[in-house]
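To convert, count from 1 in the sequence shown and add 2; that's this note's numbering. Ideal placement from N, C-alpha and C gives every residue a C-beta, glycine not left out. Before any comments, here is the structure.
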Amino acid sequence: MVCLGNICRSPMAEGVLRHKARELGIRVNTDSAGTIDHHAGEPPDRRAQATMVAHGIDISDLRARQFRVSDFREFDLILAMDASNHADLMAMAPDQEAKRKVRAIMELVPEHPERSVPDPYFGGDAGFEHVFHMLDRACDRLIDELR
Ligand code: 4NP
Numbered sequence: 003m004v005c006l007g008n009i010c011r012s013p014m015a016e017g018v019l020r021h022k023a024r025e026l027g028i029r030v031n032t033d034s035a036g037t038i039d040h041h042a043g044e045p046p047d048r049r050a051q052a053t054m055v056a057h058g059i060d061i062s063d064l065r066a067r068q069f070r071v072s073d074f075r076e077f078d079l080i081l082a083m084d085a086s087n088h089a090d091l092m093a094m095a096p097d098q099e100a101k102r103k104v105r106a107i108m109e110l111v112p113e114h115p116e117r118s119v120p121d122p123y124f125g126g127d128a129g130f131e132h133v134f135h136m137l138d139r140a141c142d143r144l145i146d147e148l149r
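Shown next as structure tokens:
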């Protein structure tokens with residue numbers, strides 16, 4: 003799961019997917035990263051953590067890191083939160099195999115009106131709740147695909 007800072011959207015996405023996989027007994031190696039290193043080492047934004055706790059999910063153990071080229075080898079699927087993250091990842095991809103692993107997360111929910119998960123960082127709590135519901139739907143689809 004990849005966003006810009008790895009403190010709001012992508013750790014929430016990782017938390018939602020990890021939670022669903024655990025509940026269903028599906029083994030999947032989850033991780034998240036940001037395209038920038040500005041928040042590296044930080045826990046998720048407190049508003050992201052609070053929104054997740056309100057939905058019964060603890061992401062306090064997660065720590066931000068920057069996406070690295072080796073992630074293209076390490077992971078089978080790399081989900082970008084928005085079009086800008088997607089473009090940054092495609093520009094970093096060393097070959098076609100790496101490019102094929104990159105998808106926009108909302109491609110999983112084609113009927114949803116929004117193609118990108120909006121950055122909630124500069125907004126209020128409602129933005130985080132909206133992000134949660136988008137990620138919840140996308141991760142349900144991903145779990146269906148994994149099964
Ligand atoms: P995220 O949100 O990409 O969902 O983690 C942001 C976090 C930090 C910044 C921007 C977006 N920032 O500019 O520091």
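Report task. Just mark Ser34 as buried or exposed, buried being the case when its beta carbon has 16 or more other beta carbons within 10 Å. Result -> buried
Query raised in the report: Just the Cα atoms here: how many angstroms apart are Met54 and Asp97?
Result: 36 Å
Requested in this report: Compute the beta-carbon to beta-carbon distance between Ala89 and Ala66, rounded to the nearest angstrom, for a pair I have assumed lies under 8 Å.
Outcome: So it is not a contact: roughly 21 Å between Cβ atoms.
Requested in this report: Let me know the secondary structure DSSP gives Leu81 once reduced to three states.
Outcome: strand
**Report entry** Per DSSP, the bridge partner or partners of Arg105
**Finding:** Leu81
Query raised in the report: So, Thr32 versus Phe69, is the Cβ gap smaller than 8 Å?
Result: no
**Report entry** Inter-residue spacing [alpha-carbon to alpha-carbon] between His21 and Asp138
**Finding:** 10 Å
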